[in-house]
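Participant: If you use the working numbering, the sequence shown corresponds to residues 98 to 389, in order. Every residue, glycine too, gets a C-beta built ideally from N, C-alpha and C. Remember, it's a predicted structure, so these values are computed and weren't measured experimentally. Encoded as structure tokens, here's the structure I'll be asking about.
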Amino acid sequence: MPVANVLRKSALTLVMSIIAILLLFPIVITFTNSLTTAKEIEINYGPIGKIGEPSVSRTAPFANLKLLPDKVSLEQYGKVFVDNPKYLTMFWNSVLLVVPIIAGQTMVAALAAYAFAKLKFHGRDTLFLIYVLTMLMPFQVTLVPNYIMADKLGILNSSNAIILPGIFAAFGVFMLRQFMLDIPYTYIEAAKIDGAGHGRIFLKIILPMIKPGLAALIILLFVDYWNMVEQPLIFLDDPFKQPLSVYLSRINDEERGIAFAASMLYMTPMVLLFLYAESYFIEGIQLSGIKG
């Protein structure tokens with residue numbers, strides 16, 4: 098192998114390693130600081146001060162960003178999981194909002210995508226274009242209609258005000274339709290000859306062939322709705338019904354000593370889901386890019 102190629106690969110490996118370290122550093126620093134006592138957290142990060150307030154420390158002009166704590170302690174986790182149950186309540190609020198949205202949108206999107214990709218009916222492409230246009234609208238544009246609709250249905254300040262619009266969002270339909278368009282129609286014709294109806298075709302042929310797309314969709318939806326802030330703030334008046342994503346900022350302001358443990362609690366489901374479905378996710382994104 099020529100020396101130039103070796104040097105090029107070595108340089109590329111070094112650059113990618115540096116990028117990986119930089120990307121992982123926030124997660125590492127969050128984990129290590131979650132094992133720090135509240136007193137040490139206040140000493141290290143007190144100079145930052147609360148949002149909108151001056152520094153709370155006069156002894157140091159800057160925060161002390163430490164990778165390893167002076168003393169390893171589970172104090173933060175004890176406060177989050179045992180001493181104050183409101184943080185676990187917020188965590189389960191997030192779960193009870195996100196899981197129904199993912200399950201509902203995945204099911205609705207798969208059925209609608211099958212109709213738009215494999216069924217022939219008058220005005221199909223025009224209807225799909227109109228449907229996808231809603232995906233291009235920013236959240237602020239659809240906020241007022243959704244709020245008025247939720248008010249008319251009497252579901253304001255309830256999880257349904259967030260779950261129902263999430264289930265019928267257009268992104269999943271658009272993404273899964275791109276996968277289904279690449280499935281040869283001859284498979285469907287052969288199944289019809291064998292006497293299969295659309296229900297059996299959908300369950301036995303279509304769904305197994307779009308597993309990577311379903312996995313990619315689930316991960317993308319989870320990340321999107323797990324991090325949502327605007328919808329809970331607008332549709333949920335009761336703070337104890339809001340998810341942990343909204344409450345994290347208040348934790349950082351009011352109880353800095355447990356901010357890192359609460360952040361670890363918040364990010365753990367996303368990390369575990371990605372690690373579990375990483376291969377499907379990568380395959381799904383690659384296939385989606387090829388078809389797009």
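Considering Phe319, what are the terminal residues of the alpha helix (DSSP H) in which it resides?
Facilitator: Where Phe319 is concerned, the enclosing alpha helix (DSSP H) stretches over Lys308 to Trp323.
Participant: For Thr186 and Ile298, I'd like the C-alpha separation in whole angstroms.
Facilitator: Each residue's alpha carbon lies about 42 Å from the other.
Participant: Kindly list the residues whose CB is nearer than 7 Å to the CB of Phe271, restricted to its own chain and excluding five residues on each side of it in sequence; keep chain order.
Facilitator: So the qualifying residues of the chain are Val229 and Met232.
Participant: Using 8 Å as the cut-off, can you tell me whether the stretch 202–214 makes contact with the stretch 167–184, which would need three or more C-beta pairs spanning the two stretches below that distance?
Facilitator: The stretch 202–214 vs the stretch 167–184: no contact.
Participant: So with Cβ pairs under 8 Å, would you call Phe337 a contact of chain D?
Facilitator: Looking at the structure shown, chain D is missing, and only one protein chain is on hand.
Participant: With 16 other CB atoms within 10 Å as the buried threshold, where does Trp189 fall?
Facilitator: By the neighbour-count rule (16 or more Cβ atoms within 10 Å), Trp189 is not buried but exposed.
Participant: Leu330 to Ile227, Cα distance in whole Å?
Facilitator: Cα to Cα, Leu330 sits roughly 29 Å from Ile227.
Participant: Alpha carbon to alpha carbon, how far is Ala258 from Ala267?
Facilitator: Spanning the two alpha carbons is a distance of roughly 17 Å.
Participant: Considering only residues of the same chain and omitting the five flanking positions on each side of Leu273, which have a CB-CB separation below 7 Å?
Facilitator: Closer than 7 Å at the Cβ level, and outside the excluded window around Leu273, lie Ala206, Ala207, Ala210, Ile307, Gly310 and Leu314.
Participant: Checking 8 Å against the spacing of the C-beta atoms, do Glu139 and Arg353 come in under that value?
Facilitator: Contact: yes.
Participant: Distance, Cα to Cα, Asp355 vs Ala247?
Facilitator: According to the sequence displayed, residue 355 carries Ile and not Asp. Those two C-alpha atoms are separated by around 35 Å.
Participant: Find the nearest neighbour of Leu164 within the set Leu304, Asn130 and Tyr142, judged by alpha-carbon distance.
Facilitator: Nearest option by C-alpha distance: Asn130.
Participant: Mind checking Asn141: buried by the 16 CB within 10 Å criterion, or exposed?
Facilitator: With 16 or more other Cβ atoms within 10 Å, it is buried.
Participant: Is the beta carbon of Phe319 closer than 8 Å to that of Val195?
Facilitator: In this structure, Phe319 lies closer than 8 Å to Val195 by Cβ.
Participant: Can you give the Cα-Cα distance for Leu369 and Ala287, rounded to whole angstroms?
Facilitator: One C-alpha to the other measures close to 40 Å.
Participant: Measure the C-alpha to C-alpha separation of Ile115 and Pro123 and round it to an integer number of angstroms.
Facilitator: About 14 Å.
Participant: Please classify Glu352: does DSSP put it in a helix, a strand, or coil?
Facilitator: If DSSP states are grouped into helix, strand and coil, Glu352 belongs with coil.
Participant: Are the beta-carbon atoms belonging to Met361 and Thr127 less than 8 Å from one another?
Facilitator: Yes, these two residues count as a Cβ contact at 8 Å.
Participant: Apart from the five residues just before and just after Gly220, which ones in its own chain have a Cβ nearer than 8 Å to its Cβ?
Facilitator: Here the set comprises nothing.
Participant: For Asn243, does the three-state DSSP call read helix, strand or coil?
Facilitator: Helix.
Participant: Given that a residue counts as buried once 16 or more other Cβ atoms are within 10 Å of its Cβ, and exposed if not, what is Leu109?
Facilitator: Exposed: under 16 other Cβ atoms inside 10 Å.
Participant: Closest to Asp279 by CA distance: which of Tyr244, Tyr184, Tyr322 and Lys215 is it?
Facilitator: The candidate whose alpha carbon is nearest that of Asp279 is Lys215.
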